[in-house]
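Residue numbering for the sequence shown follows this note's numbering, beginning at 36 and increasing consecutively. Every residue gets a Cβ at the ideal spot worked out from N, C-alpha and C, and that includes glycine. Let me begin by presenting the structure, written as structure tokens, before commenting on it.
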Amino acid sequence: MESVVENTEELQFQPPAYSHVLDLNGFLSPHQNDSALLILNQKIMVTGVFEKLWRNYFLHVCADGGANRLYEYFDNDEDRSRHIPDYIVGDLDSVREDVLRFYIQKGVAIIRQTSQYATDFTKSLQLISLHFFSSSFHKVTRSSGIDTNYGIEDCHGIHTLYHSERKIWVDRDVDLLVLNAIDGRFDQTIHSITQLYATARTDAYYRLCYLTTTDLIMLVPTGGALIKYSKKFKEECIKNCGLLPVGKPSVIRATRGLKWDVENWPTSIISGKVSSSNRFVGDTCCFFDVEDPMVLNIELNLEKLSMFM
Ligand SMILES: Nc1ncnc2c1ncn2[C@@H]1O[C@H](COP(=O)(O)OP(=O)(O)OP(=O)(O)O)[C@@H](O)[C@H]1O
Ligand SMILES: Cc1ncc(C[n+]2csc(CCO)c2C)c(N)n1
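Printed below as a string of structure tokens:
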């Protein structure tokens, strides 16, 4: 039987043991080698936290025109020089000539991929996987220069390498934060949502998350997740949330720690029944159990967030 209960504003309960745990307190501070910040092509708006994010993530990648946005974020070359990405990848139709020249001179690996059958976002994800897991890819980028596209076939070389190498590599979890994946063009935004589902299926080593000026957006896997936070973090930083069946109609088996907790709750876009404008009331945690992967957005107070990074 499906049910909804409306909880008080503060709820204390013993969290269940869950395999998928997400601790929001340190979430944007992975401080580990297996982490990457990917910048897509929209203006960087997360101004209060951008430089901290840059420091907190190990690898830095710009998808094509994302390089313009990184360049334009700073108003002088000294600051730009302290924020040099490891790679710029894409068909290179959006990145400005002067920006390209600046980053070439700084030694950035600029990888041209002209395929019109994958977005620069997808090309970037495959590149990041190759960077972390393929030992032969490291040899390619170190051994040859930009004039030969580092020995990478310049239409879909990354795609081909990714598919051949992934059969043999041993993966590890990678924290991947993407800026500018949401908002702006609607087709690009929907494409970004498809990437959440696709990477969960084929590159489950990614802890993939999108940060916007208002939200943190990620996929809750089948079976669900336990979201942990400190009381202070909850009070200061997190507000509304939504558990959204974008991929397909599904059932939220149970939630605990939301203002409106549900059980056996059918949910779908087509029926119009989705849990939006919900919020966290669990004192220090909240959990979801879902029948299929679902998109979770957590509204954040970005100004306060910087104190917790
Ligand atoms: N207007 C936009 N709104 C939202 N996302 C965008 C927008 N423009 C670009 N992006 C994201 O940034 C990535 C890099 O963009 P790029 O500079 O190559 O623009 P593009 O040529 O329009 O993108 P693509 O060639 O990948 O379709 C895109 O793959 C996409 O994920
Ligand atoms: C069915 C279909 N729809 C759209 C595109 C176009 N497209 C998809 S990704 C991409 C690259 C953009 O840099 C382009 C042009 C296609 N190839 N196939």
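Start-to-end residues for the alpha helix (DSSP H) that takes in residue i
{"i": "His-198", "result": "192-200"}
{"i": "Phe-48", "result": "Premise fails: Phe-48 is in no alpha helix (DSSP H) and is neither H nor E."}
{"i": "His-166", "result": "155-168"}
{"i": "Ser-227", "result": "221-237"}
C-beta contact flag for residue i and residue j at 8 angstroms
{"i": "Pro-328", "j": "Pro-256", "result": "yes"}
{"i": "Ser-159", "j": "Ala-239", "result": "no"}
{"i": "Leu-214", "j": "Ile-74", "result": "yes"}
{"i": "Arg-242", "j": "Leu-211", "result": "yes"}
{"i": "Glu-338", "j": "Asp-250", "result": "no"}
{"i": "Leu-246", "j": "Val-81", "result": "yes"}
{"i": "Thr-290", "j": "Phe-323", "result": "yes"}
{"i": "Phe-85", "j": "Ser-70", "result": "no"}
{"i": "Asp-155", "j": "Val-124", "result": "yes"}
{"i": "Asn-332", "j": "Ile-252", "result": "yes"}
{"i": "His-194", "j": "Gln-161", "result": "yes"}
{"i": "Asp-189", "j": "Gln-148", "result": "yes"}
Reference residue i, options the options, closest by Cα
{"i": "Gly-292", "options": "Ile-262, Asp-114, Glu-270, Lys-174", "result": "Ile-262"}
{"i": "Asn-68", "options": "Asp-114, Asp-324, His-166, Gly-100", "result": "His-166"}
{"i": "Thr-350", "options": "Ile-146, Thr-157, Asp-296", "result": "There is no way to answer for residue 350, as the model of the chain reaches only from 36 to 344."}
{"i": "Glu-45", "options": "Arg-314, Asn-336, Met-342, Lys-339", "result": "Arg-314"}
{"i": "Ser-116", "options": "Gly-125, Gly-142, Leu-254, Asn-91", "result": "Gly-142"}
{"i": "Tyr-152", "options": "Asp-121, Val-281, Gly-192, Gly-83", "result": "Gly-192"}
{"i": "Leu-231", "options": "Arg-220, Cys-272, Ala-216", "result": "Ala-216"}
{"i": "Ser-310", "options": "Asp-296, Ser-64, Phe-137", "result": "Asp-296"}
{"i": "Tyr-199", "options": "Ser-170, Lys-308, Ile-181", "result": "Checking the sequence shown, residue 199 turns out to be Ser, not Tyr. Answer by Cα proximity: Ser-170."}
{"i": "Pro-51", "options": "Ser-306, Glu-41, Ala-260, Glu-132", "result": "Ala-260"}
{"i": "Val-39", "options": "Ser-312, Lys-294, Asp-208", "result": "Lys-294"}
{"i": "Asp-133", "options": "Glu-107, Ile-163, Ser-150", "result": "Glu-107"}
Reduced DSSP category for residue i - H, G, I as helix; E, B as strand; rest coil
{"i": "Lys-87", "result": "helix"}
{"i": "Thr-319", "result": "coil"}
{"i": "His-15", "result": "Nothing in the structure corresponds to residue 15, since the chain is present only between 36 and 344."}
{"i": "His-95", "result": "strand"}
{"i": "Val-325", "result": "strand"}
{"i": "Asp-189", "result": "coil"}
Limits of the unbroken beta strand (DSSP E) element including residue i
{"i": "Arg-207", "result": "It is not in any beta strand (DSSP E) - Arg-207 carries neither H nor E in the DSSP assignment."}
{"i": "Leu-335", "result": "329-335"}
{"i": "Pro-301", "result": "295-302"}
{"i": "Ser-312", "result": "310-314"}
{"i": "Ile-79", "result": "Careful: Ile-79 lies outside any beta strand (DSSP E) and carries neither H nor E."}
{"i": "Ser-38", "result": "38-41"}
{"i": "Thr-183", "result": "Taken as a continuous stretch (DSSP letters only), Thr-183 belongs to no beta strand (DSSP E), as it is neither H nor E."}
{"i": "Asp-218", "result": "From DSSP, Asp-218 is part of no beta strand (DSSP E); its letter is neither H nor E."}
{"i": "Val-56", "result": "56-58"}
{"i": "Ser-285", "result": "285-291"}
CB contact check: residue i to chain B, cutoff 8 angstroms
{"i": "Lys-308", "result": "Among the chains in the structure shown there is no chain B, since it carries only a single protein chain."}
Query - Within the stretch 240-274, ranges of the beta strand (DSSP E) (whole runs, at least 3 residues) - result: List check, beta strand (DSSP E) in window: 241-246, 250-255, 260-263.
Query raised in the report: Unbroken beta strand (DSSP E) runs of length 3 or more, entirely within the stretch 107-142: which are they?
Result: Taking only runs of at least 3 residues, the beta strand (DSSP E) segments lying wholly in the stretch 107-142 are 122-125.
Query raised in the report: Any residues whose CB sits closer than 6 angstroms to a heavy atom of ligand 4? List them in chain order?
Result: Ligands present in the displayed structure are limited to ligand 1 and ligand 2, and ligand 4 is not among them.
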